[in-house]
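Q: Take a look at the following structure, please.
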Amino acid sequence: MTCRKDDSHPLDQLYKACGRYPGGIEALAGRLGISKGALYSKLRQQVATHRIGYCDELSQILHILEDAGVVGWQETLAALVQRHGFLLVSMPAAGASDATDFTRSICKAVKEQAQAIDTLATALSDGAISDVEFLSIEREIHAAMTSLASLRERSRALYQRSRLGFGVAAV
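See below:
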């Protein structure tokens, strides 16, 4: 029996990501040191006797999928945080920069926000949002949030350097 997957359910997202692991779920089970049957059971919502523990197994599985370059591995996290009313935004590294680079980051964040708002306004012009428009809105808003997260991390790095007596010249 095949069960329909729900893209908003973290376990279904994890199941799909694990299936994209090189060699599939069977190879991932071997990497985790468990039988393929046990992993299949843990990845299915309908099996009450097997559950994935967050601290150990879920985190380990996600690290393995990320290290293997599995496309969409982070969708599990996105579904999990969305289920609880939050958004997932990757945290770009702050990196070293000067005042000019910091200013460019501010401008980029403003530009990304403006593009997201423009995309949304254009989509709403006919009173409805199509599938294509929705995907574009999602992309633009995610880009805006990511640029703001980058700006936040740069600000955090500057704050930490400032506390140590260094200035903006080497953020």
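Using the working numbering, you'd call the opening residue of the sequence shown number 596 and step up by one each time.
Built from N, CA and C at the ideal position, the CB exists for glycine as well.
On a predicted model such as this, the values are computed, not experimentally measured, just so you know.
#1: Shortest alpha-carbon distance to G619 belongs to which of S603, L660, P605?
#2: Quick check on this structure: which residue in H645, L638, A704, A643 has the alpha carbon closest to the alpha carbon of I656?
#3: How would you label Q608, buried or exposed, when you count the other beta carbons within 10 angstroms and need 16 or more for buried?
#4: Mapping DSSP to helix, strand and coil, what is L759?
#5: Consult DSSP for Y610 and reduce its assignment to one of helix, strand or coil.
#6: Starting from R626, follow the alpha helix (DSSP H) in both directions and report where the run begins and ends.
#7: Note down the Cα distance separating H658 from D721, rounded to an integer number of angstroms.
#8: Tell whether a beta-carbon distance below 8 angstroms holds between L715 and I701.
#9: Mind checking whether A612 and W668 have CB atoms under 8 angstroms apart?
#10: Tell whether a beta-carbon distance below 8 angstroms holds between P687 and E728.
A: In short:
#1: L660
#2: L638
#3: buried
#4: coil
#5: helix
#6: 619 to 627
#7: 43 angstroms
#8: Taking C-beta atoms as the reference points, L715 and I701 fail to come closer than 8 angstroms.
#9: yes
#10: no
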